[in-house]
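As structure tokens, the structure follows; a few thoughts come after it.
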Amino acid sequence: MIEVEKLSRSYGNRKALDSISFQVPAGSVTGFLGPNGAGKTTTLRVLTSWLLPDPGTEKLWVSGVDLLRQPQLACRKVGALLEQLPLPGELRVCEFLQSRAVLKGVSGNRISSEVERVLGEVDATESSRRGIGTLSQGYRQRIGLADALLGDPPVLLLDEPTRGLDPRQVALFRELIDRLRHQHTIILSSHVLGEVEQICDRVCMISEGQICLDEDREAWTRRLESSGTTRVEVVDGSKEVAAGLASLEGVCEVLTDGAGWILHADRDLRSAIGELARQRKWALSDLRTDRATLESLFLQLTGPGETS
Amino acid sequence: MIRVASLARRDLLTLFVSPVAWTIAFVFLLVMGMTFHLSLLSVGGDLQQLVAAIYGGYVFWFMMLVLPPLISMRTLAEERRSGSLEMLVTTGISDAMVITAKWISTWCFFMFLWLCLLPLWALLSSVGQVDFGVLLSSYLGVALVGAGFCAAGILASSLTSHPLASAGFAMAINLVLFLVEWLRFLYQPGDLELRWIEHFSAVHHIGSELTRGIVDLRVPIWWVSFTILMLFIATKVLERRRW
């Protein structure tokens, strides 16, 4: 479990994180979303102890360890797959993982079995003797993930894990994460909203250093369903139609584009509109609902501009 | 300690497979081989004088000033630029451990280069009388001064992400310790000032003491202290990135 309360971090005078608070429940996969420069990577860097938070940060706990007081112990609880993955091309996969296992404090007699285990977890056992410099991008990401899994940390931080992968590799990587979700608490930072929608149990959106959404799947699905639009076209429609549609329960706003009406509502209105049309003898020429997506929610909550 | 040794081993391995390191080694051995030959001619085959001629000459000092910055320039600068330093720190290893490991690998490679000259001495000992005591104390000087210069290189590398800037800065630090000796020629220093100059001068430590077989305990203490100071500052610089 990760508990963050009033975390701030500044670069000079610029506040990259402004007193953010969030919790990641144990065993969940949390999608960390936000535009470039919003503060995602800064948050992950604080959680890996690469950066110190500003004074005033109240709580920063990773899997039961206070990161502010015991940063090195907290590091052992975190496995990180960084956005930049500078693997040493001159080493073989097993050599690299063995040296990383030592650095992560895996005891000497367990190193070989641990390296085998993590390679097995990411389906890369056959690449053990290969030079890292000869690996494809997909395999490099797997080796990065294998590195993050060394020492079996309870928390995994994955920063843009599918960046640069082709669609097949993305699908395989998704399967991998899906397999790992049962043993680890995962934060997945990504720009691929569809990926987050598919994989994550929870979404945390960050914009300009502040959390603008922190909801579990049930809550955000409800929000998406309630943020959809319904389009209605009625043959020989008149003002009476607009008034009728506006009278329906759950309608927030009725707009017209000239050809028909667009309803913003907090529920699916198709059956109610059908019933209204039958009662008032309207001839419907079009009735469809466009469900809001995570992308539209992202654009709505994070604003149009790109932060520097 | 195991973690430091593992990191140092990996860095050393990385150095040994890098073309830059092998180019440095090639040039070093070529130049030092020629220096050996010319020095042997200049001392007229007197092997007793040869040690001081080689481990105190201009070529020797050029190598001492240039090698550590070149070997150490990429250690932290390149790692910071590529992001591998961040990856390293996520393992929970402390900054002091990182600095120590980097210094060990740099110093080991530096000593490896100088130890490559030993077969030449072994060859000479078969045809003449080599004073191995003086040779040993000279190597002690190389090891001590090299340790300090490598530590200065690590400090310079921690300050910037540009390897060449790092090498330049490290050479400047080393040059100060080298040029202290020249103060005695710039003006007429008093006895106390002279003692201070001798205390800090790398040239005096090696040229006037160690290559003559004189081992004064103050020399190792000074260079070990200097090395620790440089590494301590480098650790603090590395910690600063987290602020």
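Protein chains in written order, with this note's numbering: chain W, 149 to 456; chain H, 14 to 256. In this text, a Cβ means the ideal position worked out from N, Cα and C, and glycines have one as well. Here the structure is a predicted model, which is why all the values come from computation and not from measurement.
Delimiting residues of the alpha helix (DSSP H) encompassing residue i
| i | result |
| --- | --- |
| Ala50/H | This sequence places His at residue 50/H; Ala is not what is there. First-last of the alpha helix (DSSP H) with His50/H: 32 to 55. |
| His120/W | Given a span of 149 to 456 for chain W in the structure shown, any question on residue 120/W remains unanswerable. |
| Thr310/W | No alpha helix (DSSP H) contains Thr310/W, which DSSP labels as neither H nor E. |
| Arg23/H | 15 to 29 |
| Leu298/W | Premise fails: Leu298/W is in no alpha helix (DSSP H) and is neither H nor E. |
| Glu194/H | Run containing Glu194/H: none; DSSP gives neither H nor E here. |
| Gly58/H | Gly58/H -> no alpha helix (DSSP H), and no H or E assigned at all. |
| Ser338/W | That residue, Ser338/W, is in no alpha helix (DSSP H); it is neither H nor E in DSSP. |
| Thr122/W | This structure leaves residue 122/W out entirely; chain W is present only between 149 and 456. |
Buried or exposed (CB count within 10 angstroms, at least 16 for buried), residue i
| i | result |
| --- | --- |
| Ser456/W | Summary for Ser456/W: the model assigns pLDDT 40, below 50, so the residue's position carries little reliability; its value from the coordinates is reported in the next sentence. Classification of Ser456/W: exposed, given that the 10 Å Cβ count is below 16. |
| Ala90/H | buried |
| Tyr159/W | exposed |
| Val237/H | exposed |
| Cys352/W | buried |
| Glu92/H | buried |
| Ser386/W | exposed |
| Tyr68/H | buried |
| Trp256/H | exposed |
| Trp127/H | buried |
| Met267/H | The question about residue 267/H has no answer here: the residues shown for chain H are numbered 14 through 256. |
| Tyr71/H | exposed |
| Cys348/W | buried |
| Phe39/H | exposed |
| Ala174/W | exposed |
| Arg193/W | buried |
| Arg87/H | buried |
| Val44/H | exposed |
| Ala391/W | exposed |
| Arg253/H | exposed |
| Gly227/W | buried |
| Gly535/W | As shown, chain W starts at 149 and ends at 456. That puts residue 535/W outside it, with no answer to give. |
| Glu454/W | Here Glu454/W scores only 46 on pLDDT, less than 50, and its place in the model is too uncertain to base an answer on. |
Beta-carbon separation (whole angstroms), residue i vs residue j, contact threshold 8 Å
| i | j | result |
| --- | --- | --- |
| Met149/W | Ser197/W | Going by Cβ atoms, the distance from Met149/W to Ser197/W rounds to 18 Å, so no, they are not a contact pair. |
| Leu302/W | Leu336/W | At residue 302/W the sequence reads Pro, which differs from the Leu that was named. With 8 Å as the limit, Pro302/W and Leu336/W do not qualify as a contact, their Cβ atoms being about 16 Å apart. |
| Val263/W | Gln246/W | 6 Å |
| Thr189/W | Leu165/W | About 11 Å separates the two Cβ atoms, so there is no contact after all. |
| Leu63/H | Ser52/H | 6 Å |
| Leu297/W | Glu269/W | 6 Å |
| Gln331/W | Gly312/W | About 26 Å; that fails the 8 Å criterion. |
| Thr240/H | Ala164/H | 4 Å |
| Leu306/W | Leu208/W | Rounded, the Cβ-Cβ distance is 19 Å, inconsistent with contact. |
| Gly141/H | Gln232/W | Actually they do not touch by this definition, with Cβ atoms about 57 Å apart. |
| Val177/W | Ile334/W | 4 Å |
| Thr450/W | Pro183/W | 5 Å |
| Phe75/H | Leu133/H | Not a contact, Cβ separation roughly 18 Å. |
| Ile291/W | Pro236/W | Not quite, the Cβ-Cβ distance comes to about 11 Å (not below 8 Å), so this is no contact. |
N- and C-terminal bounds of the beta strand (DSSP E) containing residue i
| i | result |
| --- | --- |
| Cys129/H | Cys129/H -> no beta strand (DSSP E), and no H or E assigned at all. |
| Met353/W | 350 to 355 |
| Glu401/W | 399 to 404 |
| Trp198/W | First-last for Trp198/W: undefined, no H or E at that position. |
| Ser167/W | 162 to 172 |
| Leu306/W | 303 to 307 |
| Val152/W | 150 to 159 |
| Ser433/W | 432 to 438 |
| Thr136/W | The shown model of chain W, from 149 to 456, leaves out residue 136/W, and the question about it has no answer. |
Task: Stretch-stretch touch, CB-based, cutoff 8 Å, three pairs: the region 121 to 131 of chain H with the region 187 to 205 of chain H - done: Contact fails between the region 121 to 131 of chain H and the region 187 to 205 of chain H, because fewer than three Cβ pairs, one in each stretch, are under 8 Å apart.
- [ ] Could you tell me whether the region 354 to 365 of chain W touches the region 317 to 325 of chain W, using the rule of 3 or more Cβ pairs below 8 Å?
- [x] No, they do not touch.
Open item on the list: As an exercise, report each continuous beta strand (DSSP E) stretch of at least 3 residues that is fully enclosed by the region 203 to 289 of chain W, in chain order.
Closed with: Taking only runs of at least 3 residues, the beta strand (DSSP E) segments lying wholly in the region 203 to 289 of chain W are 207 to 210, 226 to 229.
Open item on the list: With a threshold of 8 Å, are at least 3 pairs of Cβ atoms found where one atom belongs to the region 15 to 24 of chain H and the other to the region 100 to 110 of chain H?
Closed with: Verdict: yes, contact present.
- [ ] Ignoring anything shorter than 4 residues or poking outside the region 134 to 189 of chain H, list the alpha helix (DSSP H) runs there in chain order.
- [x] If we require 4 residues or more, the alpha helix (DSSP H) runs fully inside the region 134 to 189 of chain H come out as 145 to 172.
Open item on the list: Assess contact between the region 186 to 193 of chain H and the region 214 to 221 of chain H, defined as three or more Cβ pairs (one per stretch) separated by less than 8 Å. Is contact present?
Closed with: Contact between the region 186 to 193 of chain H and the region 214 to 221 of chain H is present: three or more C-beta pairs spanning the two stretches fall below 8 Å.
Open item on the list: Taking 8 Å as the cut-off, does the region 72 to 80 of chain H touch the region 431 to 439 of chain W (at least 3 CB pairs, one atom from each stretch)?
Closed with: Taking one beta carbon from each stretch, the region 431 to 439 of chain W and the region 72 to 80 of chain H have fewer than 3 pairs nearer than 8 Å; the two do not touch.
TODO: Spell out a yes or no on whether the region 233 to 244 of chain W and the region 269 to 278 of chain W are touching, meaning 3 or more CB-CB pairs, one atom from each, closer than 8 Å.
DONE: Cβ pair count under 8 Å is three or more, so yes.
Task: Segment contact, 8 Å Cβ cut-off, at least three pairs: the region 29 to 49 of chain H with the region 372 to 386 of chain W - done: Using a C-beta cut-off of 8 Å, the region 29 to 49 of chain H makes no contact with the region 372 to 386 of chain W, since fewer than three inter-stretch Cβ pairs fall below that distance.
Open item on the list: At 3 residues or longer, what runs of the beta strand (DSSP E) sit wholly inside the region 356 to 430 of chain W?
Closed with: Counting only runs of 3 or more, we get 358 to 364, 377 to 382, 399 to 404, 409 to 413.
- [ ] Give, in chain order, every unbroken run of the alpha helix (DSSP H) that is at least 4 residues long and sits entirely within the region 196 to 242 of chain H.
- [x] You should have 196 to 199, 204 to 213.
TODO: Assess, as a yes-or-no matter, whether the region 201 to 211 of chain W is touched by the region 247 to 262 of chain W under the definition of 3 or more beta carbon pairs within less than 8 Å.
DONE: No, they do not touch.
Task: Complete runs of the alpha helix (DSSP H) confined to the region 62 to 113 of chain H [at least 4 residues] - done: With a minimum length of 4 residues, the unbroken runs of alpha helix (DSSP H) contained wholly in the region 62 to 113 of chain H fall at 71 to 85, 90 to 95, 97 to 102.
Open item on the list: Using 8 Å as the cut-off, can you tell me whether the region 162 to 172 of chain H makes contact with the region 109 to 116 of chain H, which would need three or more C-beta pairs spanning the two stretches below that distance?
Closed with: Contact annotation: the region 162 to 172 of chain H touches the region 109 to 116 of chain H, with at least three C-beta pairs closer than 8 Å.
- [ ] Kindly confirm or deny that the region 218 to 229 of chain H and the region 150 to 165 of chain H touch, where touching means at least three C-beta pairs closer than 8 Å.
- [x] With a cut-off of 8 Å on Cβ pairs, the region 218 to 229 of chain H is in contact with the region 150 to 165 of chain H, counting three or more such pairs.
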